[in-house]
Amino acid sequence: LTGGRPGVLHGNRTYLLQDTDGQILEGFSISAGLDYPGIGPEHAWLHDIGRAEYVSITDVEALEAFQLSCKLEGIIPALEPSHALAHVMKIAPTLPKDHIMVMNMCGRGDKDIFTVAKHLGFDMKI
């Protein structure tokens with residue numbers, strides 16, 4: 001939503017990454033679950049009515065959050081929630097100390113270990 005605009009893909013009107021002619025652009029994310037050029041229509045609707053705010057996080061920020069979760073909590077998060085955690089880490093210092101924030105750490109990070117290792121420069125060949 002931060003880089004897309006309304007369009008139609010697979011019969012679904014939603015926000016898409018596209019060029020000025022409406023041709024779909026390839027999305028990229030370290031997380032396989034986040035590299036699709038569009039979003040679900042529910043998210044488009046929530047955005048349009050102002051019920052949800054969507055932000056973007058770089059892969060570098062997500063990897064930093066991934067590593068911090070592993071170090072401090074012993075939790076190996078999936079890369080998708082690592083993006084959410086990166087945003088939480090970014091906004092938390094701006095909030096009052098008594099502010100309550102909830103973030104869902106869905107998914108399993110063990111499936112992403114080889115991807116993370118590759119991007120951090122580790123050779124994990126078996």
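In the numbering used here, the protein residues as written are 1 to 126.
Idealized CB from N, CA, C, for every residue including glycine.
Determine, using beta carbons only, whether residue i and residue j come nearer to each other than 7 angstroms.
i, j, result
"P81", "M105", "yes"
"A78", "D112", "yes"
"Y15", "A52", "no"
"G4", "G22", "no"
Excluding the 5 residues preceding and the 5 following residue i in the sequence, name in chain order all residues of the same chain whose CB lies nearer than 6 angstroms to its CB.
i, result
"M124", "F114, A117"
"G109", "I76, P77, A78"
According to DSSP, is residue i helix, strand or coil?
i, result
"Q23", "coil"
"P6", "strand"
"S58", "According to the sequence provided, residue 58 is Thr. The question's Ser does not apply to it. Coil."
"L95", "coil"
"L72", "helix"
"D48", "helix"
Please name the residue, chosen from the options, that lies closest to residue i on a Cα-to-Cα basis.
i, options, result
"M89", "I57, D21, G50", "I57"
"G40", "H87, D59, H10", "H10"
"V55", "A86, H119, L68, I76", "A86"
How would you write the range of the beta strand (DSSP E) that residue i sits in, first residue to last?
i, result
"L85", "Taken as a continuous stretch (DSSP letters only), L85 belongs to no beta strand (DSSP E), being part of the alpha helix (DSSP H) at 79-91."
"L16", "12-16"
Grab me the residues of residue i's own chain with a C-beta within less than 7 angstroms of its C-beta, minus the 5 sequence neighbours each way, in chain order.
i, result
"M103", "A84, L85, V88"
Just reading off the alpha helix (DSSP H) that residue i is part of, what are its end residues?
i, result
"V116", "113-119"
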